[in-house]
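Residues 149 to 327, numbered by this note's numbering, are exactly what the sequence shown covers, in order. No residue lacks a Cβ here, since even glycine has one placed at the ideal position from N, Cα and C. So the structure is just underneath, and the comments pick up after that.
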Amino acid sequence: PIRYSDGDVDERVAVWEAARDRPNSGAVLMGMRTGIRSLDATRMGWQKSDLACIFGRPEAGKSWALLNFGVTAWLGGHKILFISPEMSVEQTEARFDALVAGQQGIPVSQRLLKQGRGIQSEDYETLSGLMRDRRDWRMVDGTFTVEDVKTLAMEEKPRMVLIDGVYLLENKTKGMKLW
């Protein structure tokens, strides 16, 4: 859509006035927490329509970082759609549990969770209690096209969409990678 940045200035003034009049507006995070102290200290956080990409060598921790951004937002009460053409839901859920536990002050590794060790039963019950009554973290794995991602996002209406392995997305003619 075309906007008239000069003529539509009143909309921006109204947004500025609303922010100015908000109690403690200087201390309020304007977007979703990122989990990165230096970014959250700016009081901006993730903003609507932000696009962030994480690139790195294999096994550098990109999936962990992506999950951590999502868990931070989820713990803040936001709905998340996590799409992984790279890892299975089961693999990702063990990481999810470990990250949620860690952000709740219960240090545990996903490896130990999978082995049935590394966490007290009451701590795991506390952790599962945080999740049991929520339906705000939707995780899917498999083969996806960009159109599939768009359809899922339109159906689920998440506040954040995370794609682990975006390079594995296919184009509309299934079977052809985008890049």
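Span of the alpha helix (DSSP H), counted from its first residue to its last, around D245: To locate residue 245, count along the sequence shown from 1; it is residue 97. It spans 237–251 - the alpha helix (DSSP H) in which D245 sits, taken as one unbroken run.
Determine, using beta-carbon pairs with one atom in the segment 212–221 and one in the segment 178–197, whether at least three such pairs fall under 8 Å. yes
What's the gap between the Cα of R160 and the Cα of E241? Reading the sequence shown from its first residue, position 12 is the one you call residue 160. Reading the sequence shown from its first residue, position 93 is the one you call residue 241. About 41 Å.
Leaving out the 5 sequence neighbours to the left and right, which residues in its chain are closer than 8 Å to P255 when beta-carbon positions are compared? Here residue 255 is taken as the residue at index 107 of the sequence shown, counted from 1. Cβ within range, chain order: A249.
Please state whether DSSP places S276 in a helix, a strand or coil. The residue you call residue 276 lines up with position 128 of the sequence shown. It is helical.
For the pair the segment 273–282 and the segment 195–204, tell me if three or more CB-CB distances fall below 8 Å. no
Among the candidates E234, D154, A221, A189, whose CA atom is the shortest distance from the CA of V309? Here residue 309 refers to the residue found at position 161 of the sequence shown. The residue with the shortest Cα to Cα distance from V309 is A221.
Whose CA, out of A246, A208, V294, lies closest to the CA of S257? Position 109 of the sequence shown, counted from the start, is the residue given in the question as residue 257. Closest option to S257, Cα to Cα, is A246.
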